[in-house]
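A.B. asks: Pasting a structure below so you can have a look.
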Amino acid sequence: MPYLAKLEKAGIPTVVVDLEDQEQMVKQEALVSGVPKIRYLHASRMLPGPDDVDNWIEPMLEALTRPLTDKEKESGLYTIPQQRIIYEGTLEEAQDFYQQTEWIPLPVQAPIAKYTDGFPIIIPTEEKVAWMLTGTSHKPDEIITHQTNRLATQGEATSGGRLEIKKGDVVRFQPLKRTATVEQVAVNAVMAGCRPEHLPIVLAIAQSGTPISTTNFPSQAVCVSGSIVKEIGMNTGCGMFGPGSVANSPIGRAYQLMAINLGGAVPGVNRMGCLGSPLNNGGVAYAENADGLPSGWKGLNEEFGYKKDENIVMVQMITGGILGSQFSPGGYRALQKSGHGGIARKFDVKGTPGPHNWLDYLVPELFAGREGAWTIVMVPEMAQHLVDLGFKSKDDVYKYLWEKGFEPLKKYRGRSWPDFRRNGWTGIEKTSGKPWKELPDDYMVPAAGDDPNEFCIVIGGGQEEACVQLAGDRGNAFSIDAWK
Amino acid sequence: MAEKDRIYKCLNPVGMQLPVKTFPLAPRLDTLDGKEIYISITGEPDITIPLEKKLKSDYPNVDWKVKKTYGIVPVEISEEEMKTADGLIQAICW
Chain A
1 MPYLAKLEKA GIPTVVVDLE DQEQMVKQEA LVSGVPKIRY LHASRMLPGP DDVDNWIEPM
61 LEALTRPLTD KEKESGLYTI PQQRIIYEGT LEEAQDFYQQ TEWIPLPVQA PIAKYTDGFP
121 IIIPTEEKVA WMLTGTSHKP DEIITHQTNR LATQGEATSG GRLEIKKGDV VRFQPLKRTA
181 TVEQVAVNAV MAGCRPEHLP IVLAIAQSGT PISTTNFPSQ AVCVSGSIVK EIGMNTGCGM
241 FGPGSVANSP IGRAYQLMAI NLGGAVPGVN RMGCLGSPLN NGGVAYAENA DGLPSGWKGL
301 NEEFGYKKDE NIVMVQMITG GILGSQFSPG GYRALQKSGH GGIARKFDVK GTPGPHNWLD
361 YLVPELFAGR EGAWTIVMVP EMAQHLVDLG FKSKDDVYKY LWEKGFEPLK KYRGRSWPDF
421 RRNGWTGIEK TSGKPWKELP DDYMVPAAGD DPNEFCIVIG GGQEEACVQL AGDRGNAFSI
481 DAWK
Chain B
1001 MAEKDRIYKC LNPVGMQLPV KTFPLAPRLD TLDGKEIYIS ITGEPDITIP LEKKLKSDYP
1061 NVDWKVKKTY GIVPVEISEE EMKTADGLIQ AICW
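From first to last, the protein sequence lines are chains A and B. With the numbering used here, letter number 416 in the first sequence gets 416, and the count goes up by one each step, no holes. Just remember that the numbering used here sits 1000 ahead of the position in the second sequence, which is counted from 1.
Structure below.
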């Protein structure tokens, strides 16, 4: 929309064709882009294209010629008054205030919480927020800014439309590109149930702009690496993704509350994940068990270029879902201890003690229904088996999995997302350096993404031999120490 | 006063919307004939392929120019192209 706003401001009339359920998003984006009266019309999700086009081609062209109305000729200034104190009352009354809903029309047709994720919150009283702010040395009125240079990800606004983000740039929270102060982040941290020692992590997450993505089944997760994991008591052991931790759960929830309040994300208005995601319902924060890393394997902090004693949080977009439980822990033990059981039969190693490469039990099925990299969370014992097999670093595993994802071009072209991601097959295939359309059907291409290092391994979990795969790559990392 | 009746000041969790200067739309065209109109295609080929075909076949007096991507971020017209562009249709994503 900023592009269309630029054209309209330059005197070039435009018209937008979108899909009906996205009307609220068009209006909202147009407003914050400075052209609230942009002309638009709707295409159909159901009609065949030629019939659909026949229905609106004339009104579409008319939108370029029909004289402007008085409203469309107006200019002005769109502002929203920002009150620091939003409510005064008892705690019980305040709970009702923060839990208020607003009716969201199609495609939702239900009341949606205005300030919360639907669950009751801790009321962010002045006292509670002041207590929360003891967790950082940053001033309450400091605007959240980027602490390092990095490349922007899709949807992140940079001043002047730059593709890179510079240290000191103001963080624009998605999707409404709002800004926030340290105090406002602390307000959301209080509401989520965080404690002051969690605040530097929440502030580091805030630096991501809390992306929510759109369209399909986008989920968000954050993973903490460094000594702070133990210091604040995050659960990296049994049940690390489950309920019970008073650190993991509130930190994960803080992400979602910031997306709702700082970013302005509303389902069906600008958060268009069609089915939503249970991972976002309460939020997902997990952490790395650095003590469980096999010798020679780097922690996440080091993988992202930080030192071993530095604390970071990785903010991930899980574009698919979660896989796991492909094998039974007992079956895994039988394989590795004595070469027994179903996995041993599959591998044709019956009677031969391990270690055996259990990754081969996951692939190629890992890429059967979805292309792209995965984040693999595994228990220390299984990581050690990989080291014993010769995977001296995580990079060795990433490369192995990536190469296992190679498949003939003909098969790859039968997938859905690559039509979009390969821009209609108009670009260059990376491994060959040749145009996609010039490659033979039997040319082998990676289904697991363009770069082995998009994969990610996190060590954690309990004693059972288990591995969980999150359908998404490693995302971005942010320094926690910068926010202490 | 009982603790449950105590009045608290509660803080605003909502982020700050920077003031946005709003602009009028660009003046519309008196006619499309002879004008340079860009079709900015972003995905949905089931719609945009017949759209492009129909525009070119049914409105031959318009000087159609096309910018195309299968992604969601439009291929922008250059500053130089903006000097002669008379209008733009954005379909389907924006």
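No residue lacks a Cβ here, since even glycine has one placed at the ideal position from N, Cα and C.
At a CB-CB cut-off below 7 Å, which residues of chain A make contact with residue 1054 of chain B?
C.D. replies: The count along the second sequence starts at 1 and reaches residue 1054 of chain B at position 54. The contacting residues are 53, 57.
A.B. asks: Counting pairs of Cβ atoms below 8 Å between the stretch 299-319 of chain A and the stretch 463-475 of chain A, do you hit three or more?
C.D. replies: Yes, they touch.
A.B. asks: With three or more beta-carbon pairs closer than 8 Å as the criterion, would you say the stretch 434-441 of chain A touches the stretch 406-424 of chain A?
C.D. replies: A contact exists between the stretch 434-441 of chain A and the stretch 406-424 of chain A.
A.B. asks: CB residue 237 of chain A to CB residue 462 of chain A, shorter than 8 Å?
C.D. replies: As a working mapping, residue 237 of chain A is identified with position 237 in the first sequence. As a working mapping, residue 462 of chain A is identified with position 462 in the first sequence. Cβ atoms of residue 237 of chain A and residue 462 of chain A: closer than 8 Å.
A.B. asks: Any residues in the stretch 22-46 of chain A with a beta carbon nearer than 8 Å to a beta carbon of chain B? Which ones, in chain order?
C.D. replies: Those would be 26, 29, 31, 32, 33, 34, 35, 36, 37, 38, 39, 43, in chain order.
A.B. asks: Which residue spans inside the stretch 67-95 of chain A form an unbroken beta strand (DSSP E) run of at least 3?
C.D. replies: Counting only runs of 3 or more, we get 76-78, 85-89.
A.B. asks: CB-CB under 8 Å to residue 489 of chain A, same chain, minus the five flanking residues each way: which ones, in chain order?
C.D. replies: Residue 489 of chain A cannot be examined here, being either before or after the span of chain A that is shown, 1 to 484.
A.B. asks: Can you find a C-beta in chain A that's less than 8 Å from the C-beta of residue 1066 of chain B?
C.D. replies: Along the second sequence, one-based indexing puts residue 1066 of chain B at 66. Judged by the 8 Å Cβ criterion, residue 1066 of chain B is not in contact with chain A.
A.B. asks: Say whether chain B places a C-beta atom closer than 8 Å to the C-beta of residue 13 of chain A.
C.D. replies: Sequence index remark: in the first sequence, residue 13 of chain A carries index 13 (1-based). True, the Cβ-Cβ gap to chain B drops below 8 Å.
A.B. asks: Are residue 361 of chain A and residue 391 of chain A closer than 8 Å when you measure CB to CB?
C.D. replies: Residue mapping note: residue 361 of chain A aligns to position 361 of the first sequence, counting from 1. Residue mapping note: residue 391 of chain A aligns to position 391 of the first sequence, counting from 1. Against a cut-off of 8 Å, the Cβ pair of residue 391 of chain A and residue 361 of chain A comes out as no contact.
A.B. asks: Pull the bridge partners of residue 220 of chain A from the DSSP assignment, please.
C.D. replies: Within the first sequence, numbered from 1, the residue matching residue 220 of chain A stands at position 220. According to DSSP, which records beta bridges pairwise, residue 220 of chain A is partnered with A:317.
A.B. asks: Just confirm the distance between the C-beta atoms of residue 1070 of chain B and residue 423 of chain A, as a whole number of angstroms; I'd bet it's less than 8 Å.
C.D. replies: Reading the second sequence from its first residue, position 70 is the one you call residue 1070 of chain B. Reading the first sequence from its first residue, position 423 is the one you call residue 423 of chain A. Residue 1070 of chain B to residue 423 of chain A, Cβ: 5 Å. Contact.
A.B. asks: Going by other Cβ atoms of all chains shown within 10 Å of its Cβ, with 16 needed for buried, is residue 280 of chain A buried or exposed?
C.D. replies: Along the first sequence, read from residue 1 onward, the residue named residue 280 of chain A stands at position 280. Buried is the call here.
A.B. asks: Can you give the Cα-Cα distance for residue 197 of chain A and residue 91 of chain A, rounded to whole angstroms?
C.D. replies: Numbered from 1 along the first sequence, position 197 holds the residue referred to as residue 197 of chain A. Numbered from 1 along the first sequence, position 91 holds the residue referred to as residue 91 of chain A. Using only the alpha carbons, I get a separation of about 24 Å.
A.B. asks: Taking the alpha carbon of residue 8 of chain A as the reference point, which residue from A:29, A:18, A:26, A:34 has its own alpha carbon closest?
C.D. replies: Numbered from 1 along the first sequence, position 8 holds the residue referred to as residue 8 of chain A. Selected option, being the one with the closest Cα: A:34.
A.B. asks: Please report the straight-line C-alpha distance between residue 3 of chain A and residue 220 of chain A, rounded to a whole angstrom.
C.D. replies: For the purposes of this step, residue 3 of chain A is identified with residue 3 of the first sequence, where counting begins at 1. For the purposes of this step, residue 220 of chain A is identified with residue 220 of the first sequence, where counting begins at 1. Cα to Cα, residue 3 of chain A sits roughly 28 Å from residue 220 of chain A.
A.B. asks: State the start and end residues of the unbroken alpha helix (DSSP H) segment that holds residue 385 of chain A.
C.D. replies: By one-based count along the first sequence, residue 385 of chain A stands at place 385. It spans 380-388 - the alpha helix (DSSP H) in which residue 385 of chain A sits, taken as one unbroken run.
A.B. asks: Exposed or buried, which one is residue 60 of chain A when buried takes at least 16 other CB atoms within 10 Å?
C.D. replies: On the first sequence, position 60 is the one that residue 60 of chain A refers to. Classification for residue 60 of chain A: buried.
A.B. asks: Grouping DSSP H, G and I as helix and E and B as strand, with all else coil, what is residue 453 of chain A?
C.D. replies: Locating residue 453 of chain A in the first sequence gives position 453, where the first residue counts as 1. Correct three-state label for residue 453 of chain A: helix.
A.B. asks: Are there 16 or more other CB atoms within 10 angstroms of the CB of residue 83 of chain A, so buried, or fewer, so exposed?
C.D. replies: To locate residue 83 of chain A, count along the first sequence from 1; it is residue 83. Exposed.
A.B. asks: If distances are taken between C-alpha atoms only, which option among A:112, A:65, A:217, A:116 comes closest to residue 322 of chain A?
C.D. replies: Counting from one through the first sequence, the residue named residue 322 of chain A turns up at place 322. Nearest C-alpha to residue 322 of chain A: A:217.
A.B. asks: Are the stretch 1021-1032 of chain B and the stretch 21-40 of chain A touching, with three or more C-beta to C-beta distances below 8 Å?
C.D. replies: Enough Cβ pairs lie closer than 8 Å, so yes.
A.B. asks: Give the range of the beta strand (DSSP E) segment to which residue 338 of chain A is assigned.
C.D. replies: If you number the first sequence from 1, residue 338 of chain A lands on position 338. Run containing residue 338 of chain A: none in the beta strand (DSSP E); it sits in the alpha helix (DSSP H), 329-338.
A.B. asks: Taking the continuous beta strand (DSSP E) assigned at residue 323 of chain A, which residues delimit it?
C.D. replies: Translated into positions along the first sequence, residue 323 of chain A becomes position 323. Start and end: 322-324.
A.B. asks: Identify every residue that forms a DSSP beta bridge with residue 429 of chain A.
C.D. replies: Your numbering for residue 429 of chain A matches position 429 in the first sequence. According to DSSP, which records beta bridges pairwise, residue 429 of chain A is partnered with A:434.
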